[in-house]
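Taking it in order: structure first as structure tokens, then the write-up.
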Amino acid sequence: MRFGRISKAVGVAAAATVALSACATQGGGGSSTNTASASAKQGGTVTVVEVNAFNTFNSNTADGNTDINSKVSRPTHSGFYYVDNKLTVVHNDKFGKYEKVSDSPLTVKYTINDGVKWSDGTPVTGYDLALEWAVGSSWYDDKNPKAKTGTAYFSTSGDPTGLNSTEFPEVSSDGKSMTLKYTQPFADWEIALGSKVDIPSHVVAKRAGLSDGKALYDLMKGLKKGDPASPQPANETLKKASDFYNTGFDTKTLPSDTSLFLSNGPFIVKDIVPDQSMTLVRNKDYNWGPTPNVDSIVIRYIGSAPAQVQALKNGEADIIAPQASSDTVEQLKAIPGVTVDQGNQLSYDHIDLNYSGPFAEKDVRTAFMLTVPRGDIVDKIIKKLDSNAKPLDSQIFVPQQAAYADTVKNNGSADYQQVNIDKAKQLLAGKTPEVKVMYNKDNPNRVDAYSLIAASATKAGFKVVDGGLGKSDWGKALGKGGYDATIFGWINPGVGVSSVPQIFKTGNGSNFNKFSDPDADKLMDQLTQTTDQSKQVDLEKQVDKKIWASSYGLPLFQSVGVDAYSDKVTGVKYNPTSTGVWWNFWEWATK
Numbered sequence: 000m001r002f003g004r005i006s007k008a009v010g011v012a013a014a015a016t017v018a019l020s021a022c023a024t025q026g027g028g029g030s031s032t033n034t035a036s037a038s039a040k041q042g043g044t045v046t047v048v049e050v051n052a053f054n055t056f057n058s059n060t061a062d063g064n065t066d067i068n069s070k071v072s073r074p075t076h077s078g079f080y081y082v083d084n085k086l087t088v089v090h091n092d093k094f095g096k097y098e099k100v101s102d103s104p105l106t107v108k109y110t111i112n113d114g115v116k117w118s119d120g121t122p123v124t125g126y127d128l129a130l131e132w133a134v135g136s137s138w139y140d141d142k143n144p145k146a147k148t149g150t151a152y153f154s155t156s157g158d159p160t161g162l163n164s165t166e167f168p169e170v171s172s173d174g175k176s177m178t179l180k181y182t183q184p185f186a187d188w189e190i191a192l193g194s195k196v197d198i199p200s201h202v203v204a205k206r207a208g209l210s211d212g213k214a215l216y217d218l219m220k221g222l223k224k225g226d227p228a229s230p231q232p233a234n235e236t237l238k239k240a241s242d243f244y245n246t247g248f249d250t251k252t253l254p255s256d257t258s259l260f261l262s263n264g265p266f267i268v269k270d271i272v273p274d275q276s277m278t279l280v281r282n283k284d285y286n287w288g289p290t291p292n293v294d295s296i297v298i299r300y301i302g303s304a305p306a307q308v309q310a311l312k313n314g315e316a317d318i319i320a321p322q323a324s325s326d327t328v329e330q331l332k333a334i335p336g337v338t339v340d341q342g343n344q345l346s347y348d349h350i351d352l353n354y355s356g357p358f359a360e361k362d363v364r365t366a367f368m369l370t371v372p373r374g375d376i377v378d379k380i381i382k383k384l385d386s387n388a389k390p391l392d393s394q395i396f397v398p399q400q401a402a403y404a405d406t407v408k409n410n411g412s413a414d415y416q417q418v419n420i421d422k423a424k425q426l427l428a429g430k431t432p433e434v435k436v437m438y439n440k441d442n443p444n445r446v447d448a449y450s451l452i453a454a455s456a457t458k459a460g461f462k463v464v465d466g467g468l469g470k471s472d473w474g475k476a477l478g479k480g481g482y483d484a485t486i487f488g489w490i491n492p493g494v495g496v497s498s499v500p501q502i503f504k505t506g507n508g509s510n511f512n513k514f515s516d517p518d519a520d521k522l523m524d525q526l527t528q529t530t531d532q533s534k535q536v537d538l539e540k541q542v543d544k545k546i547w548a549s550s551y552g553l554p555l556f557q558s559v560g561v562d563a564y565s566d567k568v569t570g571v572k573y574n575p576t577s578t579g580v581w582w583n584f585w586e587w588a589t590k
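Counted from 1, the sequence shown has number 78 at position 79 by numbering that gives the first Met the number 0; the numbering is strictly sequential.
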């Protein structure tokens, strides 16, 4: 199994598609006395440290899809399933159930249980699912960028291909169920919707002048599917709804309007200190999923690994997931009563080049790639932590997968094994392009990578401009222009295949550098329609080769994950995916 939507990571990075065989290895360390769950108690507070800073209650948009926003959404929202640390899809039958009721045509029915509600008392309904479908499918979009016509409505970070290949969903008369009928096979149907129902349709509807979620559903039902070849005048009400959806939940502070941060999960946000911390408290009405042990969770944002370690040592934090380094691990192991879990993540760091500005010319992209000192970057950032670490040579696979070695033989990565300044100069032919590189300047690993890249590229004649941004700003800057290259990462929940087109298919929300290859698009369409894993792997290899052939940019290294936690808490378990330690937050307990 593979995953459908990935998240931009700040403290870490992420792999595009990672199979179940790419398991994390889990190592112990330090003087762990975190033993019996029998010593756990109900109540209390757990303090968790994250690298990134929160900036929106909607983690589904292209801008909002960062690791911290997604993590905050998990304890504050519920859904039909979650992915555990063994990369298994676990159903939450207390929330509701979903089932495939037909193979031909593929038909899936979602039913939400009675009593599941938002924190304002409004029931969670099929209308909320219909809004999620409308967003994820890009159903109404008819924007034609080349012709500069049409309208783009809801922003989505994912790939709309699968959900776009459905009929309009039918919500039952009681609003509890939604049935979705596909017009073609879809490999990721099981994880297409409902991992967490996090945006209330009644709130979006009211901001568009409608009475409730049903009224929004009725509006959408009466509109045609968008067609970029034949764009229609924008529907003003739907545009109001989508505009609010896209930006109305963005904030670094706690809104006075509680409808902007409604919960249907175990916790509710109580307080936010911008760029510093967030406090979550128990949702007393919640009984439709795993019941948490603790009464509150405090999330602190600390980018510096040494500062995270110090916070854990001083008792100011219970759980941390710092940037991995040998120094950090050694420091953590020296703290009495701390457990250290370490393993490969389903993630990677990379530098992507925009297909515009100085990098509109392929030769200039190729020249820049030839200057990137991937070996030095691995030596400085990863090697001391993993002595076997090497530069990553695939945009699709990681070394733990059987397909990795095979794809590397043929994908074109061999041309970039070593820095080649002379060849880069030949391709530039005397030109000295100015390129601005954007990255998270509060992330030490990204600072180191930028410094090494800038120094090397300068030798070939590039004029490299430092475009580093703060930890809560860089994610929103992705895809907005104003830079020519960016260093960041992807981190993956570990199941599904839709993450490949999410990043690499023409026009998708997470395709930030505007890569476009019609043949690759066709391959990715086939990928999302096939359930044969061997065929999926073959298609992914072909896509990988086309990405390299286009001088897209470079993967740098697979990330190593480190979690550490105090013996004051129990229930913390390592997870190699984007969810990290949050995958089982309900099991956390204080001693």
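For each residue, glycine too, the CB sits at the ideal point set by N, CA and C.
From a predicted model like this one, the values you see are computed outputs, not experimental measurements.
Quiz item: Is it the case that the Cβ atoms of Thr75 and Pro265 are separated by a distance below 9 angstroms?
Solution: yes
Self-check item: Between the CA atoms of Ala214 and Tyr482 - distance to the nearest angstrom
Solution: 41 angstroms
Quiz item: Taking buried to mean at least 16 other C-beta atoms within 10 Å of its own C-beta, is Glu98 buried or exposed?
Solution: With fewer than 16 other Cβ atoms inside 10 Å of its own Cβ, Glu98 counts as exposed.
Quiz item: Which runs of the beta strand (DSSP E) fall wholly inside the region 197-257 and span at least 3 residues, in chain order?
Solution: You should have found no qualifying run.
Quiz item: DSSP beta-bridge partners for Ile111?
Solution: For Ile111, DSSP records a beta bridge to Gly95.
Quiz prompt | Beta-carbon contacts of Thr55 that lie in its chain and below 6 angstroms, excluding the five residues immediately before and after | solution = Gly63, Asn68, Phe248 and Asp249
Practice problem: Kindly indicate the opening and closing residues of the beta strand (DSSP E) around Pro554. | Solution: Here the beta strand (DSSP E) through Pro554 covers Gly552 to Ser565.
Exercise. Would you identify the three-state DSSP class for Lys270, choosing helix, strand or coil?
Key: Reading off the sequence, residue 270 comes out as Asp, not Lys. Of the three classes helix, strand and coil, the one that applies to Asp270 here is strand, per DSSP.
Self-check item: Gly125 - containing alpha helix (DSSP H), residue span
Solution: Gly125 to Ser136
Quiz prompt | Three-state class that DSSP yields for Ile490 in the structure shown | solution = strand
Exercise. Inspect the CB distances between the region 276-287 and the region 308-319 and report whether three or more fall short of 8 angstroms.
Key: Short answer: they don't touch.
Quiz prompt | Inter-residue Cα distance where the pair is Gly480 and Gly411 | solution = 28 angstroms
Quiz item: Which residue from Thr160, Val115 and Thr236 puts its Cα closest to that of Met506?
Solution: Note on identity: in this sequence residue 506 is Gly, with Met being the wrong assignment. For the residues Thr160, Val115 and Thr236, the minimum Cα distance to Gly506 belongs to Thr160.
Quiz item: Would you call the CB atoms of Asp421 and Leu555 closer than 9 angstroms?
Solution: no
Quiz prompt | Backbone CA spacing between Phe185 and Ser136 [nearest angstrom] | solution = 13 angstroms
Quiz item: In terms of alpha-carbon separation, which member of Ala320, Asn84, Lys440 and Val434 lies closest to Val463?
Solution: Val434
Exercise. Counting only the same chain and skipping the five closest in sequence on each side, list residues whose C-beta sits under 7 angstroms from that of Thr182.
Key: Pro104, Ser164, Thr165 and Glu166
Quiz item: Given that a residue counts as buried once 16 or more other Cβ atoms are within 10 Å of its Cβ, and exposed if not, what is Thr589?
Solution: buried
Quiz item: In the structure shown, what three-state DSSP assignment does Tyr181 receive?
Solution: strand
Quiz item: Along the chain, where does the beta strand (DSSP E) that runs through Val542 open and close?
Solution: Unbroken run through Val542 is the alpha helix (DSSP H), Gln532 to Ala548; no beta strand (DSSP E).
Quiz item: Looking at the structure shown, is Pro517 part of a helix, part of a strand, or coil, going by DSSP?
Solution: helix
Quiz prompt | Contact set for Leu427: own chain, Cβ-Cβ below 6 angstroms, skip 5 residues either direction | solution = Ala366 and Gly460
Quiz prompt | Euclidean distance between Cα positions of Gly342 and Thr406 | solution = Roughly 23 angstroms between the two C-alpha positions.
Practice problem: Output the boundary residues of the beta strand (DSSP E) element that contains Thr46. | Solution: Thr44 to Glu49
Exercise. Rounded to whole angstroms, what's the CA-CA distance from Asp211 to Pro168? Just pull it up for me.
Key: 18 angstroms
Self-check item: Local conformation of Val297 per DSSP, three classes
Solution: strand
Quiz prompt | Close Cβ partners of Ile376 (< 6 angstroms) along its chain, the five nearest in sequence each way excluded | solution = Ala448, Leu451 and Leu555
Quiz item: With C-beta atoms as the reference, is Ala454 less than 9 angstroms away from Leu352?
Solution: With contacts defined as CB atoms closer than 9 angstroms, Ala454 and Leu352 fail to qualify as a contacting pair.
Quiz item: Can you name, in chain order, every residue of its own chain whose Cβ lies under 6 angstroms from the Cβ of Ala519, other than the five neighbours on each side?
Solution: Close CB contacts of Ala519 within its chain, under the 6 angstroms cut and outside five residues either way in sequence, are with Val542 and Lys545 (chain order).
Quiz item: For Ile318, which three-state DSSP category applies?
Solution: strand
Practice problem: Would you grab the beta carbon distance between Gly125 and Met177 for me? Rounded to a whole angstrom, and I think it's under 8 angstroms. | Solution: 4 angstroms
Quiz item: Leu261 by DSSP, collapsed to three states: which one?
Solution: coil
Quiz item: Okay, do the region 264-282 and the region 83-94 touch, 3+ Cβ pairs below 8 angstroms being the bar?
Solution: No, the region 264-282 does not touch the region 83-94.
Quiz item: Would a C-beta distance cut-off of 9 angstroms place Ser77 and Phe94 closer than the cut-off?
Solution: yes
Quiz item: According to DSSP, is Asn59 helix, strand or coil?
Solution: coil
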